[in-house]
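My numbering puts the first residue of the sequence shown at 49, with every later residue one more than the last. Note that the Cβ used here is the ideal one computed from N, Cα and C, for glycine as well. Input: a single structure, listed below in structure tokens.
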Amino acid sequence: RDLGWEVPDSQANFVWFAAGARAEALGERLEAAGIIARVFPDVGVRLTVGTPADTARILEALGAPR
Numbered sequence: 049r050d051l052g053w054e055v056p057d058s059q060a061n062f063v064w065f066a067a068g069a070r071a072e073a074l075g076e077r078l079e080a081a082g083i084i085a086r087v088f089p090d091v092g093v094r095l096t097v098g099t100p101a102d103t104a105r106i107l108e109a110l111g112a113p114r
């Protein structure tokens, strides 16, 4: 959310990015960083997050400052 993405609260290890038209570009960005995501074109991207290291990799791929 701090990076400008619409992300609803999650009750599981899935995170949903309501990326709309940016979904495919987001999926490509994550894939380039070695992160597998389920892309729903023009809707959003779903990620499975398992560990703190996974979270760090995702945030880095999204451009979060270290």
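Strictly by DSSP, which residues pair up with T96?
Here residue 96 corresponds to residue number 48 of the sequence shown, with the count starting at 1. Note: T96 sits in a beta bridge opposite F62.
Residues near T96 in its chain [Cβ-Cβ closer than 7 Å; skip 5 each side]:
On the sequence shown, position 48 is the one that residue 96 refers to. Answer for T96: N61, F62, listed in chain order.
For R77, the first and last residue of its enclosing alpha helix (DSSP H):
Residue mapping note: residue 77 aligns to position 29 of the sequence shown, counting from 1. First-last of the alpha helix (DSSP H) with R77: 71-80.
Span separating the alpha-carbon of A66 from that of E76:
For the purposes of this step, residue 66 is taken as residue 18 along the sequence shown, with counting starting at 1. For the purposes of this step, residue 76 is taken as residue 28 along the sequence shown, with counting starting at 1. Roughly 15 Å between the two C-alpha positions.
Selection from Q59, V93, I83, A80 that minimises the alpha carbon distance to E72
In the sequence shown, the residue the question calls residue 72 occupies position 24. Comparing alpha carbon positions, the residue from Q59, V93, I83, A80 closest to E72 is V93.
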